[in-house]
Amino acid sequence: MDESRLIQQAIQGDNRSLSELLRRHYSFLYQYALKLTMDKSRAEDITQDTMLKAIEKIGTYRAQSKFSTWLIAIASRLAIDRGRRSVRERKWVAEEEGALRALRYETLSRMNDWPDALQAIGELDEKLRMAVLLKYYYGYSQEEIAEMVDTPVGTVKSRIHAGMKQLRKELSGHEEE
1 MDESRLIQQA IQGDNRSLSE LLRRHYSFLY QYALKLTMDK SRAEDITQDT
51 MLKAIEKIGT YRAQSKFSTW LIAIASRLAI DRGRRSVRER KWVAEEEGAL
101 RALRYETLSR MNDWPDALQA IGELDEKLRM AVLLKYYYGY SQEEIAEMVD
151 TPVGTVKSRI HAGMKQLRKE LSGHEEE
């Protein structure tokens, strides 16, 4: 069944259609959350919370954007909200470094390459990482990103610029070594 029909049925209360929609987008959403957080546990939490929020709010989906864009917007807002509420940010930074090493080890153990770019992205502040990922990995415009994360376009532009500047600096440093 095509996605637009599933969406219409889900909005009308068909739980099977909603379940199928969420199943189709789960992996995509999880991969975004994993790239955003660089932490498997946090990515799983954000993905699950996004799915729950989508179930609760499916009636508000108006098809002004793709369903996957709607899910990413929910996940991005959840990530931002969690960041704002976090009173243990310093502890999280230390844990993130350990999680990044664990993710790198897991990837290497699967015989995949761990590109320097992914390592550098992982070292960005989460707000910068979100902006860079949404722009350059997922291909969203600055205006779409601003709408997703409920932030002014100028702030998004600034985050993308700062993130790319930091990535260039980090990656050019790796080339010199």
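Read in order, the letters of the sequence shown are residues 1 to 177 in the UniProt record's numbering. By construction, the Cβ of each residue, glycine as well, lies at the ideal position given by its N, Cα and C atoms.
Report yes if the CB atom of residue i is closer than 9 Å to the CB atom of residue j, and no otherwise.
i: leucine 36; j: glutamate 126; result: yes
i: leucine 71; j: threonine 50; result: yes
i: alanine 75; j: tyrosine 32; result: yes
i: isoleucine 160; j: leucine 128; result: yes
i: valine 153; j: glutamine 166; result: no
i: leucine 134; j: glutamate 144; result: yes
Pull up the CB-CB distance for residue i and residue j, whole angstroms please, since I reckon it's below 8 Å.
i: glycine 163; j: alanine 131; result: 6 Å
i: methionine 38; j: glycine 122; result: 4 Å
i: glutamine 77; j: valine 149; result: The sequence given here places arginine at residue 77; glutamine does not occur at that position. Their Cβ separation, rounded to whole angstroms, is 7 Å, which keeps arginine 77 and valine 149 in contact under 8 Å.
i: isoleucine 17; j: leucine 29; result: Note on identity: in this sequence residue 17 is serine, with isoleucine being the wrong assignment. Incorrect: roughly 18 Å between the Cβ atoms, too far for contact.
i: serine 65; j: histidine 25; result: That pair is no contact at about 13 Å.
i: leucine 22; j: alanine 54; result: 6 Å
Name the two residues that bound the continuous alpha helix (DSSP H) containing residue i.
i: tyrosine 26; result: 15 to 37
i: lysine 127; result: 126 to 132
i: alanine 54; result: 40 to 57
i: serine 4; result: 3 to 11
i: alanine 146; result: 142 to 149
Looking at C-alpha atoms only, which residue of the options is the closest neighbour of residue i?
i: glutamine 12; options: Lys57, Ile46, Gly122, Thr47; result: Lys57
i: isoleucine 46; options: Asp14, Gly83, Lys66; result: Gly83
i: glycine 59; options: Glu44, Glu170, Asn15; result: Asn15
i: glutamate 44; options: Ile55, Leu134, Ser27; result: Ser27
i: leucine 124; options: Leu171, Ile145, Gly139, Arg23; result: Leu171
i: glutamine 119; options: Lys169, Gln9, Arg42, Gly139; result: Lys169
i: glutamine 8; options: Gln48, Ser41, Tyr61, Lys40; result: Tyr61
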